[in-house]
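Undergrad:
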Amino acid sequence: MTDDKFALPIHWNDYEDIAMSLYEKFGDDFGESKIYRIRFTELLDWVLSLPNFAGTREESNEGHLEQIQSAWVYEWRDNQ
92 MTDDKFALPI HWNDYEDIAM SLYEKFGDDF GESKIYRIRF TELLDWVLSL PNFAGTREES
152 NEGHLEQIQS AWVYEWRDNQ
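Under our numbering, think of the first position of the sequence shown as 92, with each following residue one higher.
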């Protein structure tokens with residue numbers, strides 16, 4: 092995702108937007124099996140560092156991170 096001042100903020104429930112941003116950032120460096128092996132602490136830091144991400148560390152939970160992983164895998168599959 093571009094660092095566009097007019098872009099809408101991304102929140103924890105925006106799983107597809109987060110997944111697209113992660114795929115844009117990492118591309119094919121992370122395939123399906125590698126995405127599912129990412130530690131949640133690492134994934135949390137990556138999500139928080141995304142441009143236009145408006146959520147906080149305190150708002151995150153395991154369910155959000157699992158949904159983000161799944162959406163990222165689908166995004167990766169769509170681009171293969």
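Just so you know, even glycine gets a beta-carbon here, dropped at the ideal spot from N, CA and C.
Between which residues of its own chain and V164 is the CB-CB distance below 6 Å, once the five residues before and five after are set aside?
TA: Taking C-beta separations shorter than 6 Å and ignoring five residues to either side along the sequence, the partners of V164 in its chain run E123, I126, following chain order.
Undergrad: Can you give me the Cβ contacts of Y106 inside the same chain, cut-off strictly under 6 Å, excluding the 5 residues immediately before and after it?
TA: These residues qualify, in order along the chain: Q158, I159, A162.
Undergrad: Restricting to Cα atoms, I'd like to know which of N104, H102, D119 is closest to W166.
TA: A quick correction: the sequence has Glu, not Trp, at residue 166. Nearest option by C-alpha distance: D119.
Undergrad: For the candidate residues Q171, F97, L135, whose alpha-carbon lies nearest to that of I109?
TA: Of the candidates Q171, F97, L135, the one whose C-alpha sits nearest the C-alpha of I109 is L135.
Undergrad: With a CB to CB cut of under 7 Å and the five nearest residues on each side skipped, what residues in its chain are close to V138?
TA: I109, F144, I159
Undergrad: Grab me the residues of N104's own chain with a C-beta within less than 8 Å of its C-beta, minus the 5 sequence neighbours each way, in chain order.
TA: Result list for N104: H155, in chain order.
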